[in-house]
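Worksheet for the structure shown next.
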Amino acid sequence: MTTQQNADPLELEKFSELAHRWWDPESEFRPLHEINPLRLDWIDGCIGIAGKRVLDVGCGGGILSESMAARGADVTGIDLSEKALSVARLHLLESGRNARYVLQSAEDHARENAGQYDVVTCMEMLEHVPDPASTIRACATMVRPGGTVFFSTLNRNPKSWLFAIVGAEYILRLLPRGTHEYEKFIKPSELAQDARAAGLREAELMGMLYNPLTKVYSLGRDTTVNYLMRCVRDE
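Counting the sequence shown from 1 gives a position; this note's numbering is that position plus 163.
Next up, the structure:
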């Protein structure tokens, strides 16, 4: 049985059209390449992913999935963009990494894989789906009791609109115009509330910062624009 997809067709089309450029570090996906080491080190430092069974929700072309596999995780990536997954599978042939990619929504995957993963990651995705709470519930369902779920998304406030849309898309041109919609940004309190409703406990909140002068990303305590949240499923 297949549930109604929690996906925006326009969002899928937007990222599918760019899929062939996913692994080009100078392309529209340059910010993902630049923040990936930060995401990876934070995730690995929190729980140690070597030997863990990991699910990457909304994996796209596989940048995070592959890097976790390189650290010894048993990785499955799911996405609803066939073009992005094709690029991810092709890159595996070049890199020699070991990961699996499945064309499936988080909700449908959860129906078949409840409690099957030690770690679930859902990075830079919640702000692109119609019903973030549904994705959060699916992530909570798929992680085992005591397991960890990592989210990252964008806060919703005047500063995030100025930095993430005006600055990143129109002035610095770090992202294509129209990448984000301000109304879909999610406050940390909202994410934490949806996580609690799904049986997850917030364990850590971290901000991701960008310095336009040095062009360097870093992690810190300022969560007003980009932020990451680590949650643990109750035993």
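For every residue, glycine included, the Cβ atom is placed at its ideal position computed from N, Cα and C.
Beta-carbon spacing of residue i, residue j below 8 Å
| i | j | result |
| --- | --- | --- |
| residue 221 | residue 285 | yes |
| residue 169 | residue 294 | yes |
| residue 363 | residue 305 | no |
| residue 390 | residue 371 | yes |
| residue 186 | residue 254 | yes |
| residue 215 | residue 283 | no |
| residue 210 | residue 311 | yes |
| residue 343 | residue 327 | yes |
Sheet register partners of residue i (DSSP bridge)
| i | result |
| --- | --- |
| residue 285 | 220 and 314 |
| residue 426 | Because residue 426 is not part of the residues shown, which for the chain are 164 to 398, the question remains open. |
| residue 237 | 216 |
| residue 382 | 371 |
| residue 395 | 311 and 364 |
| residue 263 | 239 |
| residue 306 | 280 |
| residue 390 | 316 and 370 |
Alpha-carbon spacing of residue i relative to residue j, whole angstroms
| i | j | result |
| --- | --- | --- |
| residue 230 | residue 325 | 31 Å |
| residue 382 | residue 267 | 31 Å |
| residue 193 | residue 338 | 8 Å |
| residue 301 | residue 196 | 26 Å |
| residue 329 | residue 348 | 14 Å |
| residue 258 | residue 251 | 10 Å |
| residue 201 | residue 239 | 20 Å |
| residue 375 | residue 173 | 30 Å |
| residue 394 | residue 280 | 14 Å |
| residue 322 | residue 256 | 41 Å |
| residue 182 | residue 278 | 31 Å |
| residue 359 | residue 396 | 9 Å |
| residue 287 | residue 333 | 19 Å |
| residue 313 | residue 171 | 22 Å |
| residue 289 | residue 208 | 23 Å |
| residue 232 | residue 206 | 13 Å |
| residue 261 | residue 319 | 37 Å |
| residue 180 | residue 315 | 23 Å |
| residue 377 | residue 335 | 13 Å |
| residue 368 | residue 263 | 29 Å |
| residue 340 | residue 184 | 16 Å |
| residue 351 | residue 361 | 15 Å |
| residue 228 | residue 357 | 25 Å |
Inter-residue CB distance, residue i and residue j (contact presumed, cutoff 8 Å)
| i | j | result |
| --- | --- | --- |
| residue 353 | residue 392 | Incorrect: roughly 11 Å between the Cβ atoms, too far for contact. |
| residue 244 | residue 175 | 6 Å |
| residue 317 | residue 388 | 7 Å |
| residue 265 | residue 299 | Not a contact, Cβ separation roughly 20 Å. |
8 Å CB neighbourhood of residue i in its chain, flanking five on each side removed
| i | result |
| --- | --- |
| residue 385 | 370 and 372 |
Residue i beta carbon near the ligand NAD (any heavy atom closer than 7 Å)
| i | result |
| --- | --- |
| residue 350 | Absent from the structure shown: the ligand NAD. Ligands present: none. |
Sequence-distant residues of the same chain with beta carbon closer than 7 Å to residue i, five excluded per side
| i | result |
| --- | --- |
| residue 398 | 308 and 309 |
| residue 213 | 234, 235 and 236 |
| residue 178 | 223, 244 and 247 |
| residue 189 | none |
| residue 331 | 337 and 338 |
| residue 297 | 169 and 270 |
| residue 276 | 305 |
Residues near residue i by beta carbon distance below 6 Å, same chain, minus five either side
| i | result |
| --- | --- |
| residue 273 | 301, 304 and 305 |
| residue 203 | 230 |
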